[in-house]
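A short worksheet on the structure shown next.
Here you go:
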């Protein structure tokens with residue numbers, strides 16, 4: 006089994022993006038993942054899932070849990086410790102689909 010770090014190394018760069026936002030069916034923003042230390046790994050995972058699946062749906066969430074690797078087990082044992090992983094469990098359990106919007110980073 007690969008580790009989270011190994012999985013991240015295989016994903017696309019997030020350098021061109023400042024954030025990813027998730028929206029429910031009514032258009033309400035339900036989450037934001039910023040391109041900043043502590044959330045860059047999640048931004049890489051969610052960007053990959055959104056681009057591959059077209060949204061964050063149960064199938065995307067299943068893949069996301071595999072990408073988070075060892076952190077998925079930790080999240081299962083410690084609810085609330087990894088909110089971006091907890092959200093994937095919730096999506097699988099509820100069958101919810103969230104639209105994802107990536108915001109480009111400001112030019113430097």
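Numbering (the numbering used here), first residue to last: 6 to 113.
The beta-carbon is built from N, C-alpha and C at its ideal position, and this holds for glycine as well.
This one's a predicted model, so the numbers in the text were calculated from it and none came from an experiment.
Residue environment analysis places residue 69 among the buried positions, since at least 16 neighbouring C-beta atoms fall within 10 angstroms of its C-beta. Taking residue 84 as the centre and dropping the five residues before and after it, the same chain places the C-beta of 91 closer than 8 Å to its C-beta, in chain order.
Secondary structure note for residue 24: its beta strand (DSSP E) is the uninterrupted segment 22–28. A contact is defined here as three or more CB-CB pairs under 8 Å, and the region 60–75 meets this definition with respect to the region 95–112.
Cβ neighbours of residue 100 within its own chain (closer than 8 Å, five residues either side excluded): 63. In the three-state reduction of the DSSP assignment, residue 66 falls in the helix class. Inclusion of residue 38 and residue 54 in the CB contact set at 8 Å is not warranted, their separation being larger than that value. Nearest to residue 110 by C-alpha distance, out of 43, 74, 57, 19, is 19.
Between residue 28 and residue 104, the C-beta spacing is below 8 Å.
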